[in-house]
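Residue numbers (this note's numbering): 378 to 1069. Backbone N, C-alpha and C define an ideal beta-carbon position, used for all residues, glycine too. Worksheet: the structure to be examined is printed underneath.
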């Protein structure tokens, strides 16, 4: 007899009015929102969804376990990072076999010196379902360590302290902070950012002075140095590479402001570098008698300039170091005594350029059709060697030291991939395909070398397209489990990122947000037309804002895909952006729009996935979320799934998996996240008809 398929949970319909200046909408599943995560009915429903997921995928459990073991077998478990040198110490992190969390260590003066364990995150994680270190900073004299830890997954960190010579933890601790901390030069004072308890926005920069009494407890009267009143800004603290200055910096979608104080100033009196201005983004670093400024003032793709410290706010006295270019976007930079290194976007790829202060610029060469370069840890100013990371769709992450004079690069480490992995068995491409408006969209592709573009291969297409975040074509050892089973993997570099410069971002936000969605669909059509993927075996995946992309694509062209995986998806756009008590909302009006404005309200309502669910067939879908997610609240995907269940036709599966002890990034352990990946891959492989 055929076993009866499990019945999905049915969410109760309880209409709730969502009012706005532009009209009222009814939300039938608003009751699933529980800000305290304690409502019995809500938790019962979420557990019922998890139970339905487990029963619906029970036949795949053996395959999932096998795939998980396959993925983990590629890892070198007793791995370590390349040490870097700062203030007399070599710092690195390492993993022990079977351990979920890193161990942070250092050695004094020599790599052969005895190892000192700064913190073993495995010990700190004991007794916690979730544990993550968000920041770790050593005092200038090397005697104190401050670190921020999260034991829930909500990104509400606790700031802790340890006296390193004695190995004793200080009793002082500070809760509800950002993962930002910097030391002043007195080796007793730290700056941190306290969060608002409801919105989780970092609002208050405070100064904590460690008491000499090691038994002193929680700090309650720390001095307030700065209070953020403009809730469209994120606020952070940092220290100049020269160690001469401390910074308070704040960024919104379209503007920035930095303040600076001498790190040896007992009063820590901060001065504004330049007050924030609409549509002016900048960041600074210290060098000698100047600040080096990356700015988009009169430079859409940014330029690099030198500003005298005594007149930093006078833009007339800024002198270009690297002028603006229409075809090169400056994303980041690193200063050294004799030169700067720029992290740039050119031709759709991330690259590094070396610019001597008194000479011509040159690029560090890449070796693959689609690749990514990024700056690594470079704490020393007086050096001619730059450390960077290179990766491609076929090359594991590789740390290089690059001599800027000889232009010789030395490989310090390449992430090991155990087993029979050989990069020669795979090939990658970087192509451009037309969107419906004629814009050429870059696409990164990788597959096994024996796969031909004959229109028969299953294909997984990934996308994001928001916040100006570019999806770089990097290596993934887990992805080999798809490639080895005949899959093609593609990254659609849709508008909303910055792959093709700042204009690429502007063309994928606010009133142009729909470009991200149509670009993704058009890439799918082009890949099918060119034979990269089989028409009936196309899959889509995206997370967070990329989950919004998945939700919109599901509504607009869902049946073009055999299956869709939406990870922690942002899908209830209008309701969320109407409620500034929800974390992130007030920061993001310039990204999505302020729905209190009639035209933006109407435009957002046209694409918001939750608002556009229809009574029609949808593809097989796997939706994931975390109960303690601080970026996209769990109830958005939960409500979306409930509405889809009520309205969709056809028999394709719709599954929701809720991590009950995690947040936006999923579980915190090194191996736990591979379990999540195996779960998603098995869902896709099963829909493609692959069972082993």
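- No Cβ-Cβ contact shorter than 8 Å links residue 676 with residue 696.
- DSSP places residue 1023 inside the alpha helix (DSSP H), whose first and last residues are 1012-1024.
- Secondary structure note for residue 881: its alpha helix (DSSP H) is the uninterrupted segment 879-883.
- Spatial neighbours of residue 830 in its own chain (CB-CB distance under 7 Å, excluding positions within 5 residues in sequence) are listed in chain order as 907, 908 and 909.
- The beta-carbon distance between residue 888 and residue 921, rounded to whole angstroms, is 22 Å. This is too long to meet the 8 Å contact definition.
- Judged by beta-carbon spacing, residue 1059 lies beyond the 8 Å limit of residue 637, meaning their Cβ atoms are not closer than that value.
- Ranking 747, 1019, 609 and 833 by CA distance to the CA of residue 961 puts 609 first.
- Within the same chain, Cβ atoms closer than 6 Å to the Cβ of residue 673 are found at 658 and 679, the five residues on either side in sequence being excluded.
- Distance between residue 462 and residue 760, taken at the CA atoms: about 12 Å.
- Cβ atoms of residue 1015 and residue 577 stay farther apart than 8 Å, at about 19 Å.
- The DSSP assignment places complete beta strand (DSSP E) segments of no fewer than 3 residues inside the stretch 1023-1058 at 1031-1036, in order along the chain.
- When DSSP states are grouped into helix, strand and coil, residue 986 belongs to the coil group.
- Annotation for residue 933: the continuous alpha helix (DSSP H) segment containing it runs 922-934.
- With respect to residue 1046, residue 1003 sits apart: the two C-beta atoms are not nearer than 8 Å.
- When the alpha-carbon of residue 585 is set against those of 579, 565 and 476, the nearest one is in 565.
- For residue 604, the number of other beta carbons within 10 angstroms of its own is below 16, and it is reported as exposed.
- Taking residue 1007 as the centre and dropping the five residues before and after it, the same chain places the C-beta of 531, 532, 577, 960, 1040 and 1041 closer than 7 Å to its C-beta, in chain order.
- Annotation: the continuous alpha helix (DSSP H) that includes residue 954 extends over 950-955.
- Within the stretch 857-917, the runs of alpha helix (DSSP H) that reach at least 4 residues and sit entirely inside it are, in chain order, 857-860, 879-883 and 891-906.
- Separation of the CB atoms of residue 987 and residue 1027 is rounded to 20 Å, and the pair is thereby denied contact status at 8 Å.
- The residue among 863, 842 and 853 with its C-alpha nearest the C-alpha of residue 883 is 842.
- The beta strand (DSSP E) runs lying completely inside the stretch 473-540 and spanning 3 residues or more are 480-485, 493-497, 509-515, 521-527 and 534-540, given in chain order.
- Distance from the Cα of residue 558 is smallest, within the candidate group 547, 571 and 953, for 571.
- Across the structure, residue 950 and residue 434 are spaced so that their CA atoms are roughly 30 Å apart.
- Taking the CA atoms as reference points, residue 707 sits about 27 Å from residue 555.
- In this structure residue 851 is buried. Its beta-carbon is surrounded by 16 or more other beta-carbon atoms within 10 angstroms.
- Contact check for residue 718 and residue 763: beta-carbon distance about 5 Å, within the 8 Å limit, so the pair qualifies.
- Between the alpha carbons of residue 1052 and residue 1033 lies a gap of roughly 16 Å.
- Taking C-alpha positions only, residue 890 is separated from residue 779 by approximately 40 Å.
- With respect to residue 930, residue 1001 sits apart: the two C-beta atoms are not nearer than 8 Å.
- Here residue 392 is exposed. Its C-beta has fewer than 16 other C-beta atoms within 10 Å.
- The beta carbon of residue 979 sits closer than 8 Å to those of 399, all from its chain and outside the five residues before and after it, given in chain order.
- Cβ-Cβ separation between residue 871 and residue 810: approximately 11 Å, too far for a contact (criterion under 8 Å).
- Per DSSP, reduced to three states, the secondary structure at residue 717 is strand.
- One alpha carbon belongs to residue 518, the other to residue 542, and they sit about 11 Å apart.
- Each residue's CA atom was taken as its position, placing residue 942 and residue 934 some 14 Å apart.
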